[in-house]
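Beneath this line is the structure, given in structure tokens, with notes to follow.
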Amino acid sequence: MQLIYIFVPKNNNLRHTSDSLNKALKLSTDISCYRSIEINHITWEIIIDLIKKASKLTQGESISLFFLSIQLDYLLLTIVLKLLSKIFSKQAIVYYLMHEPRYEKGRVNPIDANLVYLYNLLLGNFADRILLPSNEALNKAKTFLDPSKFERVNLSFISIPEQILEDNLIELKNNWERLKTFSLLGTAAKDKNPQGFVLLANITDRQYSGKTRFIRAGCDRDVNVDYDEDIITTFPGYMTDSGKRFLFGMTHFIVVPYFFSTQSGVIAEALSYGKILIVNDIPAFSNLKGLDFVFIIDFSNEDSILKCVNNLFNMDWIDYEQRYWNAIEYFQNNFSELYLSKAITSIIQSSTN
Numbered sequence: 603m604q605l606i607y608i609f610v611p612k613n614n615n616l617r618h619t620s621d622s623l624n625k626a627l628k629l630s631t632d633i634s635c636y637r638s639i640e641i642n643h644i645t646w647e648i649i650i651d652l653i654k655k656a657s658k659l660t661q662g663e664s665i666s667l668f669f670l671s672i673q674l675d676y677l678l679l680t681i682v683l684k685l686l687s688k689i690f691s692k693q694a695i696v697y698y699l700m701h702e703p704r705y706e707k708g709r710v711n712p713i714d715a716n717l718v719y720l721y722n723l724l725l726g727n728f729a730d731r732i733l734l735p736s737n738e739a740l741n742k743a744k745t746f747l748d749p750s751k752f753e754r755v756n757l758s759f760i761s762i763p764e765q766i767l768e769d770n771l772i773e774l775k776n777n778w779e780r781l782k783t784f785s786l787l788g789t790a791a792k793d794k795n796p797q798g799f800v801l802l803a804n805i806t807d808r809q810y811s812g813k814t815r816f817i818r819a820g821c822d823r824d825v826n827v828d829y830d831e832d833i834i835t836t837f838p839g840y841m842t843d844s845g846k847r848f849l850f851g852m853t854h855f856i857v858v859p860y861f862f863s864t865q866s867g868v869i870a871e872a873l874s875y876g877k878i879l880i881v882n883d884i885p886a887f888s889n890l891k892g893l894d895f896v897f898i899i900d901f902s903n904e905d906s907i908l909k910c911v912n913n914l915f916n917m918d919w920i921d922y923e924q925r926y927w928n929a930i931e932y933f934q935n936n937f938s939e940l941y942l943s944k945a946i947t948s949i950i951q952s953s954t955n
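Per the numbering used here, residue 603 is the first one in the sequence shown, and the count goes up by one each step.
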């Protein structure tokens with residue numbers, strides 16, 4: 603029997619990582635071999651309980667800890683458990699999901715960038731397996747960590763029930779000829795280029811005035827953006843799960859204008875709703891080229907934006923609906939709890955053998 607502790611991130615934007623992992627383990631064909639436990643807050647009682655359970659492990663048994671975000675208490679707990687497991691010859695396996703191994707110069711505040719790098723360096727050295735959600739992340743991590751620890755695993759979300767997808771599609775069809783909705787959702791900073799969304803909105807509104815709706819929902823962090831309220835409807839602040847479900851459901855096109863990115867949880871979540879994507883042409887999104895539900899453009903080039911918009915408005919409903927279901931199928935194969943169940947079971951088996 604393997605005890606698996608899933609530590610729920612304090613950052614609500616990362617809760618999908620623990621939710622999908624917990625469900626993925628329950629879907630595993632080896633579920634009888636695992637017992638998963640969700641931990642919301644690390645307390646002294648939990649630390650003592652972990653130490654007791656680790657000390658009682660017999661041959662062939664192990665404790666696995668999944669850390670899915672950056673938190674100082676994760677690092678401290680890892681150090682304590684790894685030292686104890688070495689002293690008492692017990693198997694405590696630490697898995698760390700590393701979202702951003704290191705930031706490019708100028709992408710974020712230098713102090714924040716250095717702290718992220720230092721944390722990843724320390725926990726990366728103590729962890730047994732480092733889960734990396736993109737090839738970009740893997741290449742960055744190679745510059746300062748042991749590649750033999752690396753496991754390539756996509757960011758995952760729990761699938762949307764088919765009835766909700768069907769209902770959303772009916773609503774989208776009702777508005778298709780009258781009003782097409784473009785949305786930028788989630789937290790945005792300088793590197794995520796919210797100005798690119800404003801430029802797309804302005805160009806599209808000039809060309810198709812009265813036939814579009816633009817929605818900006820989420821926080822803008824350390825960046826000032828002038829959203830023209832005559833064109834763009836804004837919902838500033840943190841997005842609740844119910845708010846996201848509502849906005850994804852009514853949106854035809856999700857805009858991802860990032861200048862820099864290692865991977866994007868917004869893209870994976872948008873695909874779970876069957877959204878057509880408009881993304882910037884950057885290396886992190888090169889794996890999306892050739893997919894019929896993804897439009898890759900240069901957000902610094904007005905001609906590129908206009909060409910994309912014209913293609914979208916020339917798309918008929920039957921074409922849109924086909925791309926909608928293609929996006930969902932792609933999500934199921936690459937980002938769903940079903941995908942994660944197969945991937946994570948294989949990783950756990952290889953780590954404990």
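In this text, a Cβ means the ideal position worked out from N, Cα and C, and glycines have one as well. Remember, it's a predicted structure, so these values are computed and weren't measured experimentally.
Terminal residues of the alpha helix (DSSP H) in which residue i lies
| i | result |
| --- | --- |
| ARG847 | 843-852 |
| SER620 | 617-629 |
| LEU873 | 867-874 |
Counted within 10 angstroms of its Cβ, other Cβ atoms place residue i as buried (16 or more) or exposed
| i | result |
| --- | --- |
| LEU699 | buried |
| SER811 | exposed |
| LYS712 | In the sequence as displayed, the identity of residue 712 is Pro instead of Lys. PRO712 is exposed by the Cβ-count criterion. |
| GLY726 | buried |
| PRO885 | exposed |
| ARG808 | exposed |
| ARG754 | exposed |
| ARG925 | buried |
| VAL868 | buried |
| LYS782 | buried |
| VAL825 | exposed |
Enclosing beta strand (DSSP E) for residue i [first to last residue]
| i | result |
| --- | --- |
| GLN604 | 604-609 |
| PRO838 | 834-838 |
| GLU753 | 752-754 |
| ASN882 | 878-882 |
| ALA694 | 694-699 |
| GLY820 | 814-820 |
| LEU787 | 782-787 |
| PHE933 | Counting along the chain, PHE933 falls outside any beta strand (DSSP E), though it belongs to the alpha helix (DSSP H) covering 919-936. |
Which listed residue (the options) has its alpha carbon closest to that of residue i
| i | options | result |
| --- | --- | --- |
| PHE850 | SER691, ILE762 and PHE746 | ILE762 |
| PHE837 | TYR829, VAL827 and ALA819 | ALA819 |
| GLY662 | ASN716, VAL718, VAL857 and ILE695 | ILE695 |
| SER902 | PHE816, HIS701, SER750 and ASN795 | ASN795 |
| THR814 | LEU802, LYS684 and CYS821 | LEU802 |
| PHE799 | GLY839, VAL858, LYS782 and LEU757 | VAL858 |
| ARG823 | SER664, LEU908, LEU940 and ARG709 | ARG709 |
| ASN737 | PHE895, SER938, ASP894 and SER888 | SER888 |
| ILE930 | ALA872, THR783 and GLY892 | ALA872 |
Cβ shell of residue i (< 6 Å), same chain only, five flanking positions each side left out
| i | result |
| --- | --- |
| TYR721 | ILE672 |
| PHE669 | PHE609, TYR676 and TYR698 |
| ILE834 | ALA803, PHE816 and ARG818 |
| THR806 | THR814 and VAL911 |
DSSP three-state assignment for residue i, whether helix, strand or coil
| i | result |
| --- | --- |
| ALA803 | helix |
| ASN614 | helix |
| ASN795 | coil |
| ASN912 | helix |
| ASN741 | helix |
| GLU640 | strand |
| ASP714 | helix |
| LEU677 | helix |
| LEU774 | helix |
| PHE728 | helix |
| PHE862 | coil |
| PHE901 | coil |
Same chain, Cβ closer than 7 Å to residue i, neighbours up to 5 away in sequence not counted
| i | result |
| --- | --- |
| ASN642 | VAL610 |
| PRO703 | ASN722, ALA739, LYS742 and ALA743 |
8 Å CB neighbourhood of residue i in its chain, flanking five on each side removed
| i | result |
| --- | --- |
| LEU686 | ILE653, ALA656, SER657, LYS692 and ALA694 |
Residue i Cβ short of 8 Å to the ligand ADP heavy atom set
| i | result |
| --- | --- |
| LEU623 | Questions concerning the ligand ADP fall outside what the structure shown contains, since it holds no ligand whatsoever. |
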